[in-house]
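What follows is a set of notes on a single structure, which appears directly below.
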Amino acid sequence: AKAAGRNNYQFFVPEMNTRAFERLMLENALRRGIERNELILHYQPQIDAASGRISGCEALVRWEHPDLGLVPPAQFIPVAEDSGLIVPLGEWVLREACRQQVRWRDSAVGNIQLAVNISALQFRRNDFVDTVARALEDTGADARCIELEITESALMQPDDHLIGRLDALCALGLTLALDDFGTGYSSLSYLKRLPISRLKIDRSFVKDLPSDAEDAAVTSATLSLAQALGLDVVAEGVETPAQRDYLVTRGCNALQGFLYSRPLAAEALEVWVGEFET
Ligand code: C2E
Ligand code: CA
Ligand code: CA
Ligand code: CA
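For the sequence shown, counting from 1, position 155 maps to 155 in my numbering; every step adds exactly one.
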């Protein structure tokens, strides 16, 4: 096998190098992009099912590359995670969301809740709680209006140490949501130990509602479970009135998706709110 490996060496190494090189280029460009303030946040409204009004927004990062244009997160978040750049990037996202909460507080948009995605790598750092506390303090954001979205996979098999960290975040006044719920393979028994306020049903379960029997079963079960545990539920990827009706009938508290709006730049979101609320 060794000999064969050596024979193959010259054939597959150059390609590996090209890939690694491209990745390094992207990583360097992203590092420069962060320094040069090329990141921006878009905001996707979340609609409160009971009132039919906007209750908050999810902040979603984009990269405004000078040559490539608007780069979606799927193309650079994985690189950011592999390189560790997600840590400064994520901190920028959190601070920018806090600044936006302050800007909107006294505007027509009002005191809405902003949800911020937190990568597992950020959350697992020992200085994470301090980083969040400083962001709140420096920006003057209202902690009650900041929600951290932590993925189910980041919280799999949480030990007392990680639960303590979640408790410390709650003590700052902000709330926690479990993102991409249902996509991990975590045991449900751990849920009641987590100090979370909301479950976020992943788009993959909403996509084929209400006709897909399995997705309908998973969604209904999630909503019942949440109700039993006293948790709110927000569904993402809601594109049709039929999906909305299915979810709301079964107790879903908030809805997010193209049915209402795509993620929008801050100014466009302000216009959207003005039109939606009248
Ligand atoms: P996510 O957290 O699951 O975010 C929801 C994604 O679904 C967003 O994609 C949003 O634009 C999209 N979406 C929302 N409603 C609909 C709909 O009705 N139909 C369809 N087809 N799509 C919908 P986006 O903005 O491209 O973000 C992709 C992922 O990138 C996010 O998935 C999240 O995992 C990651 N991401 C985005 N911003 C950040 C960030 O600031 N930090 C970290 N760590 N990850 C981020
Ligand atoms: Ca999310
Ligand atoms: Ca998701
Ligand atoms: Ca299916």
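Ideal Cβ placement from N, Cα and C applies to all residues, glycine included.
Neighbour-count burial assignment, residue i, 16 or more Cβ in a 10 Å radius
i: S189; result: exposed
i: S224; result: exposed
i: S107; result: exposed
i: G274; result: exposed
i: F205; result: buried
i: E267; result: exposed
i: N17; result: exposed
i: K192; result: exposed
i: V271; result: exposed
i: K200; result: buried
i: A20; result: exposed
i: S187; result: exposed
i: N111; result: exposed
i: L141; result: The sequence as given places Ala at residue 141; Leu does not occur at that position. Buried: at least 16 other Cβ atoms inside 10 Å.
i: Q123; result: Residue 123 is actually Phe in this sequence, not Gln. Buried.
i: L194; result: buried
i: V33; result: The displayed chain sequence assigns Gly, not Val, to residue 33. Buried, by the Cβ-count rule.
i: Y185; result: exposed
Beta-ladder partner(s) of residue i, from DSSP
i: P88; result: DSSP output for P88 lists no bridge partner at all.
i: Y43; result: A59, L264
i: Q113; result: G56
i: L70; result: E64
i: D179; result: T151
i: L255; result: I47, A235
i: I118; result: I150
Three-state secondary structure assigned by DSSP to residue i
i: K200; result: strand
i: E137; result: helix
i: V79; result: helix
i: D232; result: strand
i: G192; result: Reading off the sequence, residue 192 comes out as Lys, not Gly. In the structure shown, K192 sits in a helix (DSSP, three-state: H, G or I).
i: D130; result: helix
i: M156; result: coil
i: G164; result: helix
i: Y185; result: coil
i: E277; result: coil
i: L269; result: helix
i: D215; result: helix
i: F21; result: helix
i: N28; result: helix
Supposed contact pair residue j and residue i - C-beta distance, whole angstroms, cut 8 Å
i: V116; j: A97; result: 5 Å
i: L136; j: L172; result: 6 Å
i: L114; j: Q101; result: 5 Å
i: A176; j: C170; result: The displayed chain sequence assigns Leu, not Ala, to residue 176. That pair is a contact at about 7 Å.
Given residue i as reference, the closest of the options once Cα atoms are compared
i: M25; options: L148, V79, R124, R62; result: V79
i: S153; options: A141, V129, L178; result: L178
i: S149; options: A133, L174, C252; result: A small correction: the amino acid at residue 149 is Glu; Ser does not occupy that position in the sequence shown. The shortest Cα separation from E149 among A133, L174, C252 belongs to L174.
i: A168; options: G184, L114, M156, V129; result: V129
i: A242; options: V71, L209, T183, A49; result: L209
i: A120; options: C252, G90, E236; result: G90
i: P88; options: E38, P45, R31; result: R31
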